[in-house]
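Chemist: Below is a structure I'd like to ask you about.
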Amino acid sequence: MTAIPLRKAVIEVADAKVSFGAVKALDGVTMRILPGECVGLVGHNGAGKSTIVNVINGGLSPHQGTIACGGEPMPRYGIAAARANGVRCVFQELSLCPNLTVIENTRVMHRTLAGWGWRQRAARIIGDKLDEIFPGHGIDPTGVVGDLSIAERQMVEIATAFSQVAQPVKLVILDEPTSSLDATLATQLLGYVRSFVETGGSVIFISHILGEILSTSDRIVVMKDGKVVTDRPAGEFDEHSLVAAMGSVVKGRDQEKRVKETAGLTPRLSQSSRRGKGLPFQAFPGEIIGLAGLGGHGQTDTLVNLYLGRTGSWFRRPEAQVAFIAGDRALNGVFPLWSILKNLTIADLPGLSRSGIVSEPAEADVGQAWKERIEIRTQNVGNPILSLSGGNQQKVLFARALATPAPAVLMDDPMRGVDIGTKQEVYAILRAEADKGRTFVWYSTEMDEVRLCDRVYVFNNGIIVAELKGDDVTEKNILAASFMGAAA
Amino acid sequence: MKRALPSDSIRLLIPALSLTILLIAVFYLQPRAMSYVGLNLLFNLAVPIALATIAQMLIMTVNDLDLSMGTFVSFVACVAATFLQATPVIGVLILVAAIATYAALGVLIHVRTLPSIVVTLGMSFVWGGLAVLILPAPGGHAPEWARAVMISRPPLVPMAIIACVVIAMVAHFVIMRSSIGVILRGVGGNARSVERAGWSILGARAATYALAAFFAILAGISLVGLTTSADANIALRYTLLSIAGVILGGGEFTGGRVSPIGAVIGALTLTLAGSFLSFLRISPDWQIGAQGAILIVVLGLRLLLNRLENREKRS
Numbered sequence: 091m092t093a094i095p096l097r098k099a100v101i102e103v104a105d106a107k108v109s110f111g112a113v114k115a116l117d118g119v120t121m122r123i124l125p126g127e128c129v130g131l132v133g134h135n136g137a138g139k140s141t142i143v144n145v146i147n148g149g150l151s152p153h154q155g156t157i158a159c160g161g162e163p164m165p166r167y168g169i170a171a172a173r174a175n176g177v178r179c180v181f182q183e184l185s186l187c188p189n190l191t192v193i194e195n196t197r198v199m200h201r202t203l204a205g206w207g208w209r210q211r212a213a214r215i216i217g218d219k220l221d222e223i224f225p226g227h228g229i230d231p232t233g234v235v236g237d238l239s240i241a242e243r244q245m246v247e248i249a250t251a252f253s254q255v256a257q258p259v260k261l262v263i264l265d266e267p268t269s270s271l272d273a274t275l276a277t278q279l280l281g282y283v284r285s286f287v288e289t290g291g292s293v294i295f296i297s298h299i300l301g302e303i304l305s306t307s308d309r310i311v312v313m314k315d316g317k318v319v320t321d322r323p324a325g326e327f328d329e330h331s332l333v334a335a336m337g338s339v340v341k342g343r344d345q346e347k348r349v350k351e352t353a354g355l356t357p358r359l360s361q362s363s364r365r366g367k368g369l370p371f372q373a374f375p376g377e378i379i380g381l382a383g384l385g386g387h388g389q390t391d392t393l394v395n396l397y398l399g400r401t402g403s404w405f406r407r408p409e410a411q412v413a414f415i416a417g418d419r420a421l422n423g424v425f426p427l428w429s430i431l432k433n434l435t436i437a438d439l440p441g442l443s444r445s446g447i448v449s450e451p452a453e454a455d456v457g458q459a460w461k462e463r464i465e466i467r468t469q470n471v472g473n474p475i476l477s478l479s480g481g482n483q484q485k486v487l488f489a490r491a492l493a494t495p496a497p498a499v500l501m502d503d504p505m506r507g508v509d510i511g512t513k514q515e516v517y518a519i520l521r522a523e524a525d526k527g528r529t530f531v532w533y534s535t536e537m538d539e540v541r542l543c544d545r546v547y548v549f550n551n552g553i554i555v556a557e558l559k560g561d562d563v564t565e566k567n568i569l570a571a572s573f574m575g576a577a578a
Numbered sequence: 068m069k070r071a072l073p074s075d076s077i078r079l080l081i082p083a084l085s086l087t088i089l090l091i092a093v094f095y096l097q098p099r100a101m102s103y104v105g106l107n108l109l110f111n112l113a114v115p116i117a118l119a120t121i122a123q124m125l126i127m128t129v130n131d132l133d134l135s136m137g138t139f140v141s142f143v144a145c146v147a148a149t150f151l152q153a154t155p156v157i158g159v160l161i162l163v164a165a166i167a168t169y170a171a172l173g174v175l176i177h178v179r180t181l182p183s184i185v186v187t188l189g190m191s192f193v194w195g196g197l198a199v200l201i202l203p204a205p206g207g208h209a210p211e212w213a214r215a216v217m218i219s220r221p222p223l224v225p226m227a228i229i230a231c232v233v234i235a236m237v238a239h240f241v242i243m244r245s246s247i248g249v250i251l252r253g254v255g256g257n258a259r260s261v262e263r264a265g266w267s268i269l270g271a272r273a274a275t276y277a278l279a280a281f282f283a284i285l286a287g288i289s290l291v292g293l294t295t296s297a298d299a300n301i302a303l304r305y306t307l308l309s310i311a312g313v314i315l316g317g318g319e320f321t322g323g324r325v326s327p328i329g330a331v332i333g334a335l336t337l338t339l340a341g342s343f344l345s346f347l348r349i350s351p352d353w354q355i356g357a358q359g360a361i362l363i364v365v366l367g368l369r370l371l372l373n374r375l376e377n378r379e380k381r382s
């Protein structure tokens, strides 16, 4: 350890703070990446992994804190400065231009590939790098990226990041690089990462598969709630101690769980196991089912499939069987130009109509009843929806779903950006409605919310890997299921 | 690894095929069109349309749409028939200012995240108004050089065909082959990743709009070269013709999927469709509707092909 301070860090982020509104995404993070080391970065949803990655690649300026490259402080750090210092990033979501060929995508990533003959040069650079990392890849560099499979796109993206054109590549950030690669390709990639690190390069490696992190990293940084909680050599961890490190420091109060006897009952909603793997999904009357796991591992798809399987057809009866509460209010939640009342009653217009005409008194009654029941803070439900705070808008969306006669409600992380007071109110309403026999399917990225559920399905790589009931619904179990290597 | 034709070639297949079929039909109805003069007459009005289509295609490359194309080409035609002919220096200055305006529009649309349709629809009234101010009544004279180029008679191949091939080649080189064109199409495909690679999306948009204005100006000048005089409403049809030409040629409204060669073929097809209907002696009252029907048939074919392609990809 004594030799390390002598080497200059490739990049050093000191005391970085970033907040989005009231949410502190980074709360004083200090991170030093030395040449020739692979740093594993782990943490649950919202721990701040993506935010620190964005700070390092220059896409996001920290509101406080300093960044230094190779010992030089960089007061004006941005994407261009990051790239000039040899920082490259492979993002979790695929970020190639699907309409361009592999060669052209290489050109987009490398500014200096221009002038006569750039196509030949680009083809050679990307082809050589693909051959080096993934021997026998079978990718044609002149092919359009849109025609490639997801795994092939991921391979191209990784090869582009590692390929060197003008500036030397010093640090490559890999954010879930193996998520769409099969085991062979993942092994090839991890092998290349090790050889890259041994020749003096640095890698920040983010993965939900702890086995990969442990086998590939020299050092592991664990983040939680926007802070670095642990930073130790990889050899001091095993899978269990890593999961423990990601868990909460303070023990949350666990509510009393009710385990319903479901054997013999007919499920209200069910779905066979996804892609023929993992566990099937079932939801019974009166249950609150949680969908847990890292974000983007198939939870939203499951909700959407459950919803579309029961609505959206011209031939079905008009009575709704399921209601949906969207997570992204602005994108697919509120009708921004409408009043609170219209936003509330839109889901159940058939129930409020007589011979095709909406009955205004009935609509007003529903609005008044729900305004009192869930305490929407407004003088008049005729006010525009945007006059409400975000939390109250979300309450209206809850009321929209609950005002329908639908016996099942699907919730796609609906509490994002909602203050704690409103959350508590909504939790109480959910519990009361469940006691009346409604079924709730709740995808949440927040551990506290998942722990409120009666039964939890944990997703990993698009399939359900674990079902937790009653007292088994603990942070430790959920973390273990969402981070353990996916069932092959 | 089995790989059929690249999807770009498949994309070009339908427009090329529909142009060939139309051409055969026209020759069948009117064998005299199969001559130097006949071909030139059939296609010379396609030259300005092809240029306007390339301009529209550039705007569509960055996922925008220009609804002022027709009025802008009319405006340029009016400038060409007056200032550019009488006082070339002022004429050139006006056209340079028009290019700068387009670049500024690109900046405005990007910075304020305005819908391009709204901005260009508004600008169409500005261009239209300016055109009326310049030329309140039809008139003016085409600049001699523009006229000379448009009526020139090169040996063997008519001017209209040569012009269309040159337009297609130049546009193909700029958009599809050059390293800058890659960035422009990248903005249409995935602006975020282009930005993450350190490029200025703002600059790319401004450049695209300026380049589009340049092609639209060529369209206006070549149009005046053909008609010898101008009118403030001379090219109003070009807005929809240019959009239809891009789509017909295998381009798409979003995603940066465009094809300059296809766009020129699309413009030729649209021009030819008009002549075809005249040869069929369909009354002018029905011609627009019949032109629409041809468009629907071709686009329907493409939809079918896309679906087949997707099914193949999935299996």
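Just so you know, the protein sequences line up as chains D and V, in that order. Taking this note's numbering, the leading residue of the first sequence gets 91, the next gets one more, and so forth. Taking this note's numbering, the leading residue of the second sequence gets 68, the next gets one more, and so forth. Ideal placement from N, C-alpha and C gives every residue a C-beta, glycine not left out. Model, not experiment: these values are computed from the prediction.
Grouping DSSP H, G and I as helix and E and B as strand, with all else coil, what is residue 474 (chain D)?
Modeler: Translated into the one-based positions of the first sequence, residue 474 (chain D) becomes position 384. In the structure shown, residue 474 (chain D) sits in a strand (DSSP, three-state: E or B).
Chemist: Could you pull out every residue in the same chain whose Cβ sits closer than 6 angstroms to the Cβ of residue 360 (chain D), ignoring the five residues on either side in sequence?
Modeler: For the purposes of this step, residue 360 (chain D) is taken as residue 270 along the first sequence, with counting starting at 1. Excluding sequence neighbours, residue 360 (chain D) sits near 372.
Chemist: Is the Cβ-Cβ distance between residue 377 (chain D) and residue 524 (chain D) less than 9 angstroms?
Modeler: Here the question's residue 377 (chain D) lines up with position 287 in the first sequence. Here the question's residue 524 (chain D) lines up with position 434 in the first sequence. Yes; because the gap between Cβ atoms is below 9 angstroms, this pair is in contact.
Chemist: Confirm, please, whether the CB-CB distance from residue 117 (chain V) to residue 385 (chain V) is below 9 angstroms.
Modeler: Residue 385 (chain V) lies beyond the range of chain V shown here (68 to 382); nothing can be said about it.
Chemist: Can at least three beta-carbon pairs, one atom from the region 157-171 of chain V and one from the region 303-314 of chain V, be found at a separation below 8 angstroms?
Modeler: The answer is no - the region 303-314 of chain V does not touch the region 157-171 of chain V, with fewer than three Cβ pairs under 8 angstroms.
Chemist: Using a C-beta to C-beta distance shorter than 8 angstroms, which residues of chain V count as neighbours of residue 198 (chain D)?
Modeler: Here residue 198 (chain D) refers to the residue found at position 108 when the first sequence is read from its first residue. The answer, in chain order, is 249, 250, 253, 260, 261, 264, 266.
Chemist: Hey, residue 333 (chain D) and residue 549 (chain D) are a contact pair by Cβ (cut 8 angstroms); roughly how many whole angstroms apart?
Modeler: What you label residue 333 (chain D) is simply residue 243 of the first sequence in a count that begins at 1. What you label residue 549 (chain D) is simply residue 459 of the first sequence in a count that begins at 1. That pair is no contact at about 17 angstroms.
Chemist: So, at 7 angstroms on beta carbons, what are the nonlocal neighbours of residue 203 (chain D) in its own chain, with the 5 sequence-adjacent residues on each side left out?
Modeler: Indexing the first sequence from 1 puts residue 203 (chain D) at position 113. Hits under 7 angstroms: 196, 197, 211, 212, 255.
Chemist: For residue 102 (chain D), which residues of its own chain have a beta-carbon under 6 angstroms away from its beta-carbon, when the five flanking residues on both sides are left out?
Modeler: As a first step, residue 102 (chain D) is located in the first sequence; it is residue number 12 there, counting from the start. Hits under 6 angstroms: 122, 158.
Chemist: Just the C-alpha distance for residue 76 (chain V) and residue 251 (chain V), rounded to the nearest angstrom, thanks.
Modeler: Indexing the second sequence from 1 puts residue 76 (chain V) at position 9. Indexing the second sequence from 1 puts residue 251 (chain V) at position 184. Taking the straight line joining both Cα atoms gives about 21 angstroms.
Chemist: Comparing C-alpha positions only, which one of D:191, D:276, D:467, D:172 sits nearest to residue 40 (chain D)?
Modeler: Coverage of chain D is limited to positions 91 through 578, which leaves residue 40 (chain D) absent and any answer about it impossible.
Chemist: Residues of chain V with CB under 7 angstroms from residue 169 (chain D), in chain order?
Modeler: Position 79 of the first sequence, counted from the start, is the residue given in the question as residue 169 (chain D). Simply 263, 265.
Chemist: Please identify the residue among D:243, D:282, D:356, D:133 whose C-alpha is closest to the C-alpha of residue 262 (chain D).
Modeler: Counting from 1 along the first sequence, the entry for residue 262 (chain D) is found at position 172. The shortest C-alpha separation from residue 262 (chain D) is found at D:282.
Chemist: Kindly say whether residue 365 (chain V), judged by its beta-carbon, lies nearer than 9 angstroms to any beta-carbon of chain D.
Modeler: Your numbering for residue 365 (chain V) matches position 298 in the second sequence. With 9 angstroms as the cut-off, residue 365 (chain V) does not count as an interface residue toward chain D.
Chemist: Decide if the region 279-295 of chain V is in contact with the region 175-186 of chain V; the criterion is three or more beta carbon pairs, one per stretch, under 8 angstroms apart.
Modeler: In short, these stretches do not touch, since the Cβ pair count stays below three.
Chemist: Alpha carbon to alpha carbon, what distance is there between residue 206 (chain V) and residue 418 (chain D)?
Modeler: Counted from its first residue, the first sequence places residue 418 (chain D) at position 328. Counted from its first residue, the second sequence places residue 206 (chain V) at position 139. Going from the Cα of residue 418 (chain D) to the Cα of residue 206 (chain V) covers about 57 angstroms.
Chemist: 9 angstroms is my cut-off, CB to CB: does residue 359 (chain V) come that close to chain D?
Modeler: Along the second sequence, one-based indexing puts residue 359 (chain V) at 292. It does not; no Cβ of chain D falls within 9 angstroms.
Chemist: If the cut-off is 8 angstroms on Cβ atoms, which residues from the region 148-166 of chain D count as contacting chain V, listed in chain order?
Modeler: Answer set for the region 148-166 of chain D: 149.
Chemist: So, does the region 106-120 of chain D touch the region 136-155 of chain D, judging by three or more C-beta pairs under 8 angstroms?
Modeler: These segments touch.
Chemist: Is any beta-carbon of chain D found at less than 9 angstroms from that of residue 111 (chain V)?
Modeler: Numbered from 1 along the second sequence, position 44 holds the residue referred to as residue 111 (chain V). No, residue 111 (chain V) does not count as interfacial toward chain D.
Chemist: Can you confirm whether the region 316-326 of chain V touches the region 254-263 of chain V when touching is taken to mean that 3 or more C-beta pairs between the two stretches lie within less than 8 angstroms?
Modeler: Yes, they touch.
Chemist: Using the Cα positions of residue 131 (chain V) and residue 136 (chain D), report the straight-line distance between them to the nearest angstrom.
Modeler: Position 64 of the second sequence, counted from the first residue, corresponds to residue 131 (chain V). Position 46 of the first sequence, counted from the first residue, corresponds to residue 136 (chain D). The alpha-carbon atoms of residue 131 (chain V) and residue 136 (chain D) are separated by roughly 35 angstroms.
Chemist: Ends of the beta strand (DSSP E) at residue 101 (chain V)?
Modeler: On the second sequence, residue 101 (chain V) is found 34 positions in, with the first residue counted as 1. Element bounds for residue 101 (chain V): n/a, residue is neither H nor E.
Chemist: At the level of alpha carbons, what is the spacing between residue 494 (chain D) and residue 309 (chain D)?
Modeler: If you number the first sequence from 1, residue 494 (chain D) lands on position 404. If you number the first sequence from 1, residue 309 (chain D) lands on position 219. Roughly 52 angstroms between the two C-alpha positions.
Chemist: Is there a C-beta anywhere in chain V that falls below 9 angstroms from the one on residue 204 (chain D)?
Modeler: The count along the first sequence starts at 1 and reaches residue 204 (chain D) at position 114. Yes, contact with chain V.
Chemist: With DSSP collapsed to three states, give me the class of residue 77 (chain V).
Modeler: As a position in the second sequence, residue 77 (chain V) is number 10, starting the count at 1. Three-state result, residue 77 (chain V): helix.
Chemist: Could you run through the region 178-193 of chain D and flag, in chain order, every residue whose CB is less than 8 angstroms away from some CB of chain V?
Modeler: Cβ contacts with chain V come from 179, 181, 185, 186, 187, 188, 189, 190.
Chemist: Using a Cβ-Cβ distance under 9 angstroms, would residue 341 (chain V) count as near chain D?
Modeler: Against the second sequence, residue 341 (chain V) aligns to sequence position 274. With 9 angstroms as the cut-off, residue 341 (chain V) does not count as an interface residue toward chain D.
Chemist: With three or more beta-carbon pairs closer than 8 angstroms as the criterion, would you say the region 262-275 of chain V touches the region 165-181 of chain D?
Modeler: Enough Cβ pairs lie closer than 8 angstroms, so yes.
Chemist: Count the other C-beta atoms from every protein chain shown that fall within 10 angstroms of the C-beta of residue 146 (chain V), then say buried if there are 16 or more, exposed otherwise.
Modeler: By 1-based counting over the second sequence, the position of residue 146 (chain V) is 79. Buried.
Chemist: Considering only C-alpha positions, which residue in the set D:569, D:541, D:554, D:447 is nearest to residue 560 (chain D)?
Modeler: Taking the first residue of the first sequence as position 1, residue 560 (chain D) is located at position 470. Minimum Cα distance to residue 560 (chain D) is reached at D:541.
Chemist: Going along the chain, which unbroken runs of the beta strand (DSSP E) with 3 or more residues stay wholly within the region 338-372 of chain V?
Modeler: With a minimum length of 3 residues, no continuous beta strand (DSSP E) run stays inside the region 338-372 of chain V.
Chemist: With a threshold of 9 angstroms between beta-carbons, can residue 322 (chain V) be considered close to chain D, or not?
Modeler: For the purposes of this step, residue 322 (chain V) is taken as the residue at position 255 of the second sequence. It does: the Cβ of residue 322 (chain V) has a partner Cβ on chain D nearer than 9 angstroms.
Chemist: Go through its chain and collect everything with a Cβ distance to residue 100 (chain D)'s Cβ below 6 angstroms, but skip five positions before and after it.
Modeler: Mapped onto the first sequence, residue 100 (chain D) falls at position 10. Excluding positions up to five away in sequence, the list reads 123, 125, 260, 261, 292.
Chemist: Please report the distance separating the alpha-carbon of residue 364 (chain V) from that of residue 349 (chain V).
Modeler: For this step, residue 364 (chain V) is matched to residue 297 along the second sequence. For this step, residue 349 (chain V) is matched to residue 282 along the second sequence. Going by the C-alpha atoms only, they are around 18 angstroms apart.
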